[in-house]
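Undergrad:
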Amino acid sequence: MTFDLSQVALIGLCYLLLLFGIAYITERGWIPEAVTSHPITYILSLGIFASAWAFYGVIDLAFQYGYGALAYYIGTGALFLFAPVALAPLAELARRHQVHSLADLLVFRYHSHSVGALTTLCMLCGILPLMALQIQAIADTMHILTVSGNPALPLQGTGLTFKDLMALCYCAILAFFTISFGANRDQHRGLITAMAFESLIKVCAIGLVAVFGVFDGLEGLDQWLLDHPENLALLHSPIHTDSAHTLLLVFVATAVTMPHIFHLGLAENPLMRNSHTVTWAFSLFLLLMALPIFPILWAGTELSVPLPPQYYTLGIPILFNSPGLTLLAFIGGLSAATGAMVVISLALSTMVMNHWLLPSLKLRTRTDLYSQLIWLRRILIATIFLGAYLLYWILDNRFSLAHLAMTAFIETLQFLPATFAIVFWSKGNRRGVIAGLAVGTSVWAIGLLLPMLTGLEFVPLPFNDWTIPVGIEYWSQVTLISISLNTLCFVLISLATTQTEDEQYSADVCAADELSHPVRQALDVHSAAEFKHRLAKPLGKVTASREVDIALKELSLGIDERRPYALRRLRDQIEGNLSSLMGIHVASEIMDKYIPHVVAETHNTVDINLIESRLSEYREHLTGMAAELNTLRLYHRKTLEELPMAVCSLGRDMEVLMWNRAMAELTGIPSGDVTGSYLEDIPEPWCSLLIDFSQSNEPHFYRREIELDNRPHWISLHKANIEGTITAGVYDQVMLLEDVTETQLLEQELVHSERLASVGRLAAGVAHEIGNPITGIACLAQNLKYDSTDPAEVLETAEQILSQTDRVGRIVQSLVSFSHAGHASKTEFEAVSLRDCANEAIHLLSLQKDKNQVLFCNDIPKTAIIAGDAQRMIQVFINLLSNARDASPEQGRVMLESNEDEDSVTVFVTDEGHGIPPELIERILEPFFTTKEPGEGTGLGLAMVYSIIEDHSGHMDIISPADTVHNRGARFEITLPRHLDSFMDA
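Just so we're aligned, residue -2 is where the sequence shown starts under this note's numbering, counting upward by one.
1. Would you kindly report the start and end of the unbroken beta strand (DSSP E) that includes H952?
2. I need the straight-line Cα distance from P305 to A136, nearest angstrom please.
3. Can you give me the Cβ contacts of F455 inside the same chain, cut-off strictly under 8 Å, excluding the 5 residues immediately before and after it?
4. Which of helix, strand or coil does DSSP assign to E970?
5. Using the DSSP secondary-structure output, state which residues sit across from V902 in a beta bridge.
6. To the nearest angstrom, report how far apart T927 and I921 are at their CA atoms.
7. How is F279 classed by DSSP in three states: helix, strand or coil?
8. Measure the beta-carbon distance from F17 to A333 and round it to whole angstroms, keeping in mind my assumption that it falls under 8 Å.
9. Identify the residues that DSSP records as bridge partners of R890: which are they?
10. If you draw a straight line from the C-alpha of Y64 to the C-alpha of Y21, how long is it?
11. Does E227 come out as helix, strand or coil in the three-state DSSP assignment?
12. Which word fits D1, buried or exposed, when buried means at least 16 other C-beta atoms lie within 10 angstroms of its C-beta?
13. Taking all protein chains shown into account, do 16 or more other C-beta atoms lie within 10 angstroms of the C-beta of G146, making it buried, or fewer, making it exposed?
14. Spatial neighbours of L15 within its chain, please: CB distance less than 6 Å, with the 5 preceding and 5 following residues excluded, ordered by chain position.
15. Using DSSP with H/G/I as helix, E/B as strand and the rest coil, what is E558?
16. Let me know the secondary structure DSSP gives G429 once reduced to three states.
17. Of the residues V962, R543, A525 and S109, which one's Cα is nearest the Cα of G555?
18. Residues in its own chain within less than 8 Å of Y107 by CB, not counting five upstream and five downstream?
19. Kindly indicate which three-state DSSP category K859 falls into: helix, strand or coil?
20. Quick check on L734: does DSSP put it in helix, strand or coil?
21. For the beta strand (DSSP E) containing Y699, list its first residue and its last residue.
22. Taking the straight line between their C-alpha atoms, what separation do you get for S346 and A252?
23. For A519, which residues does DSSP report across the bridge?
24. Bridge partners for V962 per DSSP, in chain order?
25. Could you pull out every residue in the same chain whose Cβ sits closer than 6 Å to the Cβ of P680, ignoring the five residues on either side in sequence?
26. Where does L388 sit, in a helix, a strand or coil, going by DSSP?
27. Quick check on Y632: buried or exposed, where buried means 16 or more other Cβ atoms within 10 Å of its Cβ?
28. Beta carbon of L987, beta carbon of A326: below 9 Å?
29. Is the distance from the Cβ of P709 to the Cβ of T738 below 9 Å?
30. Indicate whether C122 and A442 have their beta-carbon atoms separated by less than 9 Å.
31. Is it the case that the stretch 393 to 408 contacts the stretch 70 to 89, given that we only count it when at least three CB pairs across the two stretches are under 8 Å?
32. Contact between the stretch 862 to 874 and the stretch 939 to 951 is defined here as three or more beta-carbon pairs at a separation below 8 Å; is this criterion met?
33. Determine the contact status of F282 and M338, defining contact as a CB-CB distance below 9 Å.
34. Is there contact here, the stretch 943 to 953 with the stretch 844 to 860, by at least three beta-carbon pairs under 8 Å?
35. Out of Q730, N964, L165 and G865, point me to the one whose CA is closest to T380's CA.
36. Can you tell me where the beta strand (DSSP E) with E827 in it begins and where it stops?
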C-alpha cells in the first residue's frame, strides 16, 4: 500500500497548519484561559519528552534490551515522582530569576560566563544528533509511504536525494512556525497549547495502531501471548544484557538536562510551582505513553514487518492494509518530531544568543532593542535548523534512531553533576564545573561523536602502541567513563579551590534551605524613577523606560516608590525580566554595573521582609513541622500586629521591618507605606523622634513632646535590642510607643491644682505680710494729713509710702507668678538660674509664719544655669523645701548646694529631720501617698517634682539618712542638663 506524495505532503502540511492555527488562536485569546491554563494542558505539553525517538526508536530499544527500554520512562518518571525535592527548587529558581535555559541556570549558580559558553557549546554538540534523529524519522516515514509497495529502506543514500529534499522542506516549514510563535520574549501560551494537542495525537495514534489494529483489542493480545510465550521470555533475556542497567543512568537526567524538556517543563510551565500535581500527573502520562511499546513490538513480530523494529509503528498498519491507521501513525510520528524540533530550536537559540552573541555584540540602543533581539533570535533559529539538517545529510542514514538518541542523551548526562549541585551541594564552584564538563564531553566526543562523523573505530594511546575501540557499540563504556571522570573532576577541583564571594552568595540563594540565607543588600538608588535614568545608557531611553514600567506593574508599585525593600524587589524584577530578554549573564552585568549593590554598613543583615514574602508564597506547600512552625510564626506575628500598643522593629541599617496596626493608627502612616523604608524617609515629627531614640543609649524616653495637628502630644518610647540570627553582636531593635498625652494633661492639671493648693496654704502668711505694710501706709498717710508742714518731711513720708507699696507689689507678684502653670515645651526652654529659683521659693515659704521656722542656706552658685521652665523649677524647690521644712526641727537648717560639670548640674537639698524609712523611699514618689496628717498635704508634691524633673530630661535620687554619723536627715539629689550657651559664656 502506497500513498501519493502530494497526498502525504498535503496531510502533513494540513497537520502543521492545524498546529499553527491552535498556537495562533491561543495567542489571540480565542481559546478560553480555563483551557489554556488548565493543569491537563500543561501536563500534555510535557509530551515533547516523547519525540520521534519515543514514537519510533524506543521500539528498537525494546527489541534490543527488553524491559530495559522502560528505563526511558522509569528514569524520567522517577525524577518527576520526586518533583517536590528534585525539580521544584529548580523550577522556583527559573521562575523567580526568569531563567529560560539550563545554561542560564548554571551561570546564575556558578557566577561565570565561561560556564554558560561551555554549556552552550556542549549542548549544541549533544542535541544536534537528536534533531537529526527527528528529521531522519520524518524523511524515512515519508519515503516508506510514497516510494513503493514494499516498504523497505535503502541502507544509504547518495547525494541530495528526493528524500533529502522532503526533509529540507519539512525543516523550512518548522523553522517558519518556530520563528512565528517562539521568537518573542513572552511566555508562549500558544506554543504550550499546540504541544499539548500534538501529545494527545501521539498517545491516541500509538494505542490505536498497536492494540486494535492487529490484535482486535486487549483480549486478542492476551490470547496471542498465551500462544507465543517465547515473546515474553525475550523481554526478560534481551539481546544486550550487559548494558541494560546503564540505560537507567542515561535516561534519569533527561527531565532536567535536555534543553527542550527544561525549556517547556521548568521555564515555561507554571504548573511546576504546584509540584504535587506534577508528581502524579506526568508520571501517569508517561505510563500511558509506555503502554503501547511492547504490543507494537509483538505486532511487528506477528506480521513479520519487513522494516527495522524502529519503524514497526508505521509498518504494522501498512501491512494490515489500513489507510486510516497508517495516516494516523504517520501523523503521530510527525507530531512527535514537530514538538521536539520546535522547542529544541527555541531553547538552543536562546542559549546561543545569550551566551555567545550578546556578550560579544554591541546592540544599538538608539533603535528598537526588542526588534533587534527578535531578528537575532530568528536568524539563530533558522541557523540551528540548517545545522541539524546538514548533520542529518552528513550522517546519511548510517545510524539508527536509537544510536542517534543514545549519542545525544549521553552528552546531556554530562550536565547532571553540575545541575545536581545547584540545589544540593553548595561547595561546587565554576572551576570544578568547567573541568568536569570539559573532561566528560571530551570522552564523549572521542568515544561517540568522532566515530559517528568520521567512521573512526580505534583511538591510539600516546607513548605506546595500544588502541582503544570506540563507536556507538561501546556506548555503555563511554557513558560510565565519561560521567565518572566528570563527577570526579568536578568534586575534587571544587574541594581543592575556593569559591568567590559572588559564587558563595549564589550558592546560598540556590540552596535547598535558601530561606535561611536571605541577606539584605543595600542599593545606592533612591527612587524608581532613578532606575530609568541609570538604565538609559545600556538599554536606551525607550527600552529602559518600558522595562522599568513593566517591572513596576508586575510588582504593583508606583514610579514614586522610594522604600529600600521595594527598590530591591524592583531591581530583582528588572534583572529577571532582562534575563528572559538577553540572558542572565548580560542582565547581571548591566545591573551590577549601573545599579550595583553597595557594601552595607552592617554585613550579614537578615532580610526579614524577604523571609515574610517567601513564606507567604510557600505557605500552601508547607507540611509537617514546617507547617506547624509557620502557623506558630503567624500566631506571634498576628499577636504583634493586633497588640493595642504601637510597635515597630528596625534593622541595624535603620530599615523598618514591622509597623503594627496600633503604630499605623498612632502615626497616621499605613504599614504598607513604611515597611521596608529607611527610618529617615518617614514623615516628621516621627522621623526625628524615632531616629534620636534609636541612636540613643537610653532604653526609655519618657513623655517626649511633639506637635500633631497643631496640638502638643506627649509620647513615651521604650526599646529592646534583638541579636541577629546570622552574626553574633549584630542587633535589630524593637520599639514600643505609648501616647501619654491624656496622662500628661491630667498631670499638668494636678500640678496646677497643687500650685493653687500651695497658694491657699500661703494665703494666711501673705495676708499677714501685706497687713503690716498696709498699716504702715495708713499711719504715714495720717501723719502726712495732720502733722506735716515741712516739705522735706512730706517727701520722706512719700518715699516710705512708695517703699511699703513696692513691698506689697512684690509679695503679690510672687504669689501670682507662682500660681501660673508654666507649660513651656522643650523647644521653648530658656536659661534658668537655679539660685534665683531657690531664692524665690525661699521667699514664698517665708510668708508662712505658722509653719516651722528654719534657716534656708542657699549655697547654689550663680553659674548653676540649666535649660528649662523657671516657673516649674520654682515649683520643684517649693515642694522640696516645704517638705524639708516640715521634717526639720524648729530653727533647724535646710542646705541647698550644687555640683557642676560640662553637661549637667546636680542640686542637693538636705534637711536635719528624722529621715525617710527605707520601706517608704520607693513609695513617696507615688501620687497621693503622704505621711502627713489628713488635711496637711495632698500627696502630690514629690510626684509632681519627679514628673517635672523627667520633663527636663533629668533624674532624681533620694538618700536617707543623709547624716550617717547622727543617723538623721534626708538628701534629694537632682541632676539636670546644663544650658550649654551659658557654660560657653562662662
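We put the CB at the ideal spot given by N, CA and C, even for glycine. None of these values were measured; they are calculated from a predicted model.
TA: Concretely, from the data shown:
1. As a first step, residue 952 must be located in the sequence shown, where it is residue number 955. Run containing H952: H952 to I956, per the beta strand (DSSP E) assignment.
2. Walking along the sequence shown from the start, residue 305 turns up at place 308. Walking along the sequence shown from the start, residue 136 turns up at place 139. Distance between the alpha carbons of P305 and A136: 15 Å.
3. For the purposes of this step, residue 455 is identified with residue 458 of the sequence shown, where counting begins at 1. T464, I465, P466 and V467.
4. Looking up residue 970 in the sequence shown gives position 973. In the three-state reduction of the DSSP assignment, E970 falls in the strand class.
5. Taking the sequence shown and counting its residues from 1, one reaches residue 902 at position 905. Per DSSP, E897 and L973.
6. Translated into positions along the sequence shown, residue 927 becomes position 930. Translated into positions along the sequence shown, residue 921 becomes position 924. Taking the straight line joining both Cα atoms gives about 7 Å.
7. Here residue 279 refers to the residue found at position 282 when the sequence shown is read from its first residue. Under the three-state reduction of DSSP output, F279 falls in the helix class.
8. For the purposes of this step, residue 17 is taken as the residue at position 20 of the sequence shown. For the purposes of this step, residue 333 is taken as the residue at position 336 of the sequence shown. Taking the Cβ atoms as the reference, F17 lies roughly 17 Å from A333, outside the contact range of under 8 Å.
9. Along the sequence shown, one-based indexing puts residue 890 at 893. L852.
10. For the purposes of this step, residue 64 is taken as the residue at position 67 of the sequence shown. For the purposes of this step, residue 21 is taken as the residue at position 24 of the sequence shown. Computed Cα separation, rounded: 41 Å.
11. As a position in the sequence shown, residue 227 is number 230, starting the count at 1. Three-state result, E227: helix.
12. Residue 1 sits at position 4 when you count from the first residue of the sequence shown. Counting Cβ neighbours within 10 Å, D1 comes out exposed, since fewer than 16 surround it.
13. Translated into the one-based positions of the sequence shown, residue 146 becomes position 149. Caution applies to G146, whose pLDDT of 42 falls short of 50 and renders its modelled position unreliable; the model cannot decide the point.
14. As a first step, residue 15 is located in the sequence shown; it is residue number 18 there, counting from the start. None.
15. Residue mapping note: residue 558 aligns to position 561 of the sequence shown, counting from 1. DSSP, read as helix, strand or coil, puts E558 in coil.
16. As a working mapping, residue 429 is identified with position 432 in the sequence shown. G429 falls in the helix class under three-state DSSP.
17. Mapped onto the sequence shown, residue 555 falls at position 558. Taking the Cα of G555 as reference, the smallest distance to any Cα among V962, R543, A525 and S109 is reached at A525.
18. What you label residue 107 is simply residue 110 of the sequence shown in a count that begins at 1. Excluding residues within five positions, the ones whose Cβ falls inside 8 Å are A415, G425, N426, R427, V430, E500 and S503.
19. For this step, residue 859 is matched to residue 862 along the sequence shown. K859: coil per DSSP, three-state reduction.
20. In the sequence shown, residue 734 corresponds to position 737, counting from 1. In the structure shown, L734 falls within a strand segment according to DSSP collapsed to helix, strand and coil.
21. Against the sequence shown, residue 699 aligns to sequence position 702. For Y699, the enclosing beta strand (DSSP E) has its first and last residue at H697 to L705.
22. Locating residue 346 in the sequence shown gives position 349, counting from the first residue. Locating residue 252 in the sequence shown gives position 255, counting from the first residue. When rounded, the distance between both Cα atoms is 19 Å.
23. Position 522 of the sequence shown holds residue 519. In DSSP, A519 forms a bridge with V595.
24. For the purposes of this step, residue 962 is taken as the residue at position 965 of the sequence shown. Beta-bridge pairing links V962 to no other residue.
25. In the sequence shown, residue 680 corresponds to position 683, counting from 1. Correct list: empty, nothing qualifies.
26. Residue mapping note: residue 388 aligns to position 391 of the sequence shown, counting from 1. If DSSP states are grouped into helix, strand and coil, L388 belongs with the helices.
27. Your numbering for residue 632 matches position 635 in the sequence shown. Under the 10 Å beta carbon count, Y632 is surrounded by fewer than 16 other beta carbons and is classified as exposed.
28. Absent from the structure is residue 987, since the part of the chain shown begins at -2 and ends at 983.
29. On the sequence shown, position 712 is the one that residue 709 refers to. On the sequence shown, position 741 is the one that residue 738 refers to. A contact, by the Cβ cut-off of 9 Å.
30. The residue you call residue 122 lines up with position 125 of the sequence shown. The residue you call residue 442 lines up with position 445 of the sequence shown. In this structure, A442 lies closer than 9 Å to C122 by Cβ.
31. As far as the Cβ criterion goes, the stretch 70 to 89 does not touch the stretch 393 to 408, which means the pair count is below three.
32. Result yes; three or more Cβ-Cβ pairs closer than 8 Å.
33. As a working note, residue 282 is residue 285 in the sequence shown. As a working note, residue 338 is residue 341 in the sequence shown. Contact flag unset, no.
34. The stretch 943 to 953 vs the stretch 844 to 860: no contact.
35. Residue mapping note: residue 380 aligns to position 383 of the sequence shown, counting from 1. For T380, the nearest C-alpha among the options comes from L165.
36. Within the sequence shown, residue 827 is the residue found at index 830, counting from 1. Under the DSSP assignment, E827 falls in the beta strand (DSSP E) whose first and last residues are E827 to S830.
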